[in-house]
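Structure first, then comments.
There are 2 protein chains.
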Amino acid sequence: MDKAEAAGGDRNCRRIAIMEAAAQLFGQVGFEGTSMKAVASAAGEKKTLVQYHFRYKQQLWEETVAYVWQQRDEALPRFVSIAPDDLSAMDAMEELCRYILRFTFANPTWVKIMFQEASTPGPRLDWMVERFFIRDFAGGKGVVELAQARGVLPDVDPMHLLYTLSGALIYLVNVAPIIERVTGQGADDEAFIEQYVATLMQILSGGKRQ
Amino acid sequence: MDKAEAAGGDRNCRRIAIMEAAAQLFGQVGFEGTSMKAVASAAGEKKTLVQYHFRYKQQLWEETVAYVWQQRDEALPRFVSIAPDDLSAMDAMEELCRYILRFTFANPTWVKIMFQEASTPGPRLDWMVERFFIRDFAGGKGVVELAQARGVLPDVDPMHLLYTLSGALIYLVNVAPIIERVTGQGADDEAFIEQYVATLMQILSGGKRQ
DNA sequence: CTGTTTACTATACGATCGAATAGTGTTTAA
DNA sequence: TTAAACACTATTCGATCGTATAGTAAACAG
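Line by line, the protein sequences are chains A and B. Each residue of the first sequence is one higher than the one before, starting from 1 at the first, in our numbering. Each residue of the second sequence is one higher than the one before, starting from 211 at the first, in our numbering.
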């Protein structure tokens, strides 16, 4: 029992595999575009097993999204709180941007689901707002204000700065497939990320300003 | 005939209404999530009429996307080329950002379709790349380089700066429904846009830099 | 006036959609 | 040991999916 749990659940591993397949599909083609059969096939299971664990599509979606956010929260904030301690302020900011970019490239699912639901505002988006986004916004604001207090971010409205930074970072992940096809260089390349972050820091610290 | 054409086509007006309904749906729920019946209903037509004008869903999508981009190109670049002429460099840049934001809020369809297809890279994205994105990227780069030459944008890699700016502007439109639900203030409000652009310009010109 | 094209519609096809039901066996608890 | 609980599956349902075909009525070319 504990052995099976340590090996990845075993009792729940098929259930979790289904949620991970569902997360990818919900992020790629949205709620309406995702079928139970497609989720099952992507997880290597039968459709009826999906419907056994998640009776309704709506339920599959809710539990999947909750699982995705939980996985994200387990991996992300570690760096957000630890990084600024043992580095100079500016280096910490750069390191944070680099980490957020790499993390989002490695775990793009939550961002894609967020965009999917934001493109069709409805009950599902409302559910996400009260469950996740209110907290996410507050957390993001806190990080920005901390960086501002250390003089590493411009002293402007923290929420607007948060939108700007989120946009500059997250947008890149979403249009990465386009960038790759147009320019030939993968936006998730180590070299690309390095240069992008460098550019961003240059902009934030005043650049060659007018 | 010319009278009907001037009044909006008349011969093509139902066809165009279908494409406009389709554009909205393709942007909201993507290709897989959009059904021919839903497009017909949204346009106030029968499903068979949609299939008369566009035999396959794929064809409806292609012609719709081409129509959306054409409409965008007819409205957008006018300002992009005219604005910088009769204003000071910095004011022109601010005006350009303001205009792009307002325009994207008023015409979010092309952005939403772009994100939908980027989230499921495939033949349709390839089609958009060679038809639109290669040209769009080149145009965007040109605008950035022009602004850099006038000393109104930091002198960093133009493509990376383009990504940053596009992200800061376009991301906002995509998460606007979330911002509105979390903060209570509509991101397409005149006041919000004004403050956001002001913040962005402050960042770009060095802010209260470290 | 006749024949063809054009815009549009009614009906139907097989496939797939989300969902319900009635089952398998295998664990687990009493 | 027995029975309840659990994980999983086969089959079926009506609705809707994209698509095909046959048809109607008006506009137009000869």
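Beta carbons are placed, not taken as given, at the ideal position from N, Cα and C, and that holds for glycine. Computed from a predicted model, the values in this text were never measured in an experiment.
| query | result |
| --- | --- |
| CB contact below 9 Å: Phe347 (chain B) versus chain A | yes |
| Given Leu125 (chain A) as reference, the closest of B:Leu414, B:Lys267, B:Asp336 and B:Glu390 once Cα atoms are compared | B:Glu390 |
| Cβ-based neighbour list, Ala38 (chain A), same chain, cut-off 7 Å, excluding 5 preceding and 5 following | Leu25 |
| Min CB distance Val353 (chain B) to chain A below 9 Å | no |
| Among B:Ser415, B:Val260 and B:Gly237, nearest to Val275 (chain B) - alpha-carbon criterion | B:Gly237 |
| Chain A residues whose Cβ lies nearer than 8 Å to that of Gln280 (chain B) | None at all; the shortest Cβ gap to chain A is about 19 Å. |
| CB contact below 9 Å: Arg391 (chain B) versus chain A | yes |
| Span of the alpha helix (DSSP H) around Asp91 (chain A) | Ala89 to Ala106 |
| Helix, strand or coil at Val383 (chain B) [DSSP, three-state] | helix |
| Cα-Cα separation between Ala253 (chain B) and Ile228 (chain B), rounded to whole angstroms | 5 Å |
| Proximal chain B residues relative to Pro121 (chain A), where beta-carbon distance stays under 7 Å | Pro387 |
| Local conformation of Phe264 (chain B) per DSSP, three classes | coil |
| Contacts of His263 (chain B) in chain A (Cβ-Cβ under 8 Å) | Simply none; closest approach about 23 Å. |
| Neighbouring residues, chain A, relative to Ala378 (chain B) (Cβ below 7 Å) | Thr164, Gly167 and Ala168 |
| Interface residues of chain A facing Leu238 (chain B) [CB-CB closer than 8 Å] | One detail in the question is off: residue 238 (chain B) reads as Gln in this sequence, not Leu. The answer, in chain order, is Ser119 and Thr120. |
| Chain A residues whose Cβ lies nearer than 7 Å to that of Gly243 (chain B) | Val29, Gly30, Glu32 and Gly33 |
| Assigned secondary structure, Gly396 (chain B) (DSSP; H/G/I helix, E/B strand, else coil) | coil |
| Closer than 9 Å to chain A by CB, Val249 (chain B) | no |
| Whole-angstrom distance between Leu371 (chain B) and Glu230 (chain B), CA atom to CA atom | 32 Å |
| Contact the stretch 305-317 of chain B vs the stretch 132-147 of chain A: 3+ CB pairs below 8 Å | no |
| Chain A contact residues for Val275 (chain B), given Cβ-Cβ distances below 8 Å | Ordered by position in chain A, no residue passes the 8 Å Cβ test against Val275 (chain B), which lies about 14 Å from the chain. |
| Cross-chain neighbours of Ile134 (chain A) in chain B, by beta carbon under 8 Å | Val392 |
| CA nearest to the CA of Tyr266 (chain B), picked from B:Pro333, B:Arg345 and B:Ser245 | B:Ser245 |
| Alpha-carbon to alpha-carbon, Gln195 (chain A) and Asp136 (chain A) | 27 Å |
| Interface partners of Ile413 (chain B) on chain A, CB under 8 Å | Pro154, Val156, Leu161, Thr164, Ile203 and Leu204 |
| Best match in B:Thr374, B:Leu379 and B:Ile380 for proximity to Ala168 (chain A) [C-alpha to C-alpha] | B:Thr374 |
| Arg154 (chain A), DSSP secondary structure in three states | Note that residue 154 (chain A) corresponds to Pro in the displayed sequence, not to Arg. In the structure shown, Pro154 (chain A) sits in coil (DSSP, three-state: anything other than H, G, I, E or B). |
| Host alpha helix (DSSP H) of Phe347 (chain B) (start-end) | Ile344 to Ala359 |
| Contact list for Gln195 (chain A) against chain B, beta-carbon separation under 9 Å | Asp367 and His370 |
| Between the CA atoms of Met300 (chain B) and Phe31 (chain A) - distance to the nearest angstrom | 43 Å |
| Test: Asn222 (chain B) CB closer than 9 Å to a CB of chain A | no |
| Proximity below 9 Å, CB of Met303 (chain B) to CB of Met324 (chain B) | no |
| CB contact check: Thr199 (chain A) to chain B, cutoff 9 Å | yes |
| Alpha helix (DSSP H) segment containing Val29 (chain A), residue limits | Cys13 to Gly33 |
| Residue-level contact to chain B via CB, Asp126 (chain A), 9 Å cutoff | yes |
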